[in-house]
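Residues -16 to -1, 1 to 98, numbered by mature numbering (1 follows the signal peptide of the UniProt record, and there is no 0), are exactly what the sequence shown covers, in order. All residues carry an ideal CB built from backbone N, CA and C; glycine is no exception. Have a look at the structure below, then the notes.
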Amino acid sequence: MRQLIVILCLLAAAHPVPYGHNYFELKFFNDSSLKCNDGSPAGYYYRAAKNVESRDWLIFLEGGWYCFDKETCFSRHLQHPKLFSSNNWNKRRYLTGILSSEKRLNPVYHEYHN
């Protein structure tokens, strides 16, 4: 059994992982008054630029409609339940395209904070 565990650990360490700098960490706002529609904490995903002294930022706002009263919020909840709450958000997200830190995939913004 011990040998099996050692082998599994070695395989896991050798397994290629997607480019690590394209992972974004979930952050919640310190202000508890900032909330999602269901009252769960409001948050965002963040990845620092490889050069932490960079002053360049790319802010991506995920679409998903909006609501302004009980009726439109209820409709939004029915049509876009994932955007209504942070309760099921992953702690990390792998993002690419315009948010990629790889120059070949994102020649313009790859050195920006996201």
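For residue i, the nearest candidate out of the options (CA to CA)
| i | options | result |
| --- | --- | --- |
| Ser16 | Val36, Pro25 and Leu83 | Pro25 |
| Lys11 | Tyr30, Phe52, Leu83 and Gly81 | Tyr30 |
| Gly27 | Asn72, Asp53 and Leu79 | Asn72 |
| Lys19 | Lys87, Ser69, Ile82 and Asn98 | Ser69 |
| Thr56 | Ile82, His94, Gly81 and Asn21 | Asn21 |
| Gly81 | Arg39, Glu37 and Val92 | Val92 |
CB of residue i within 7 Å of CB of residue j, strictly
| i | j | result |
| --- | --- | --- |
| Ser85 | Asn6 | yes |
| Leu89 | Phe8 | no |
| residue 100 | Leu45 | This structure leaves residue 100 out entirely; the chain is present only between -16 and 98. |
Buried/exposed call for residue i, threshold 16 Cβ in 10 Å
| i | result |
| --- | --- |
| Tyr50 | exposed |
| Ala32 | exposed |
| Leu83 | buried |
| Asn35 | exposed |
| residue 173 | Residue numbering for the chain in the displayed model covers -16 to 98; residue 173 lies beyond these limits and cannot be assessed. |
Check: residue i C-beta below 6 Å from any heavy atom of the ligand FAD
| i | result |
| --- | --- |
| Ser17 | With respect to the ligand FAD, the structure shown offers nothing to examine, as it has no ligands at all. |
7 Å CB neighbourhood of residue i in its chain, flanking five on each side removed
| i | result |
| --- | --- |
| His64 | Gly48 and Trp49 |
| Tyr3 | Because the pLDDT of Tyr3 is 44, which lies under 50, any placement of that residue in the model is unreliable, and the number read from its coordinates should be weighed accordingly. Glu86, listed in sequence order. |
| Ser38 | Glu95, Tyr96 and His97 |
Unbroken alpha helix (DSSP H) runs of length 4 or more, entirely within the segment 16 to 96: which are they? Qualifying alpha helix (DSSP H) stretches, in chain order: 54 to 63.
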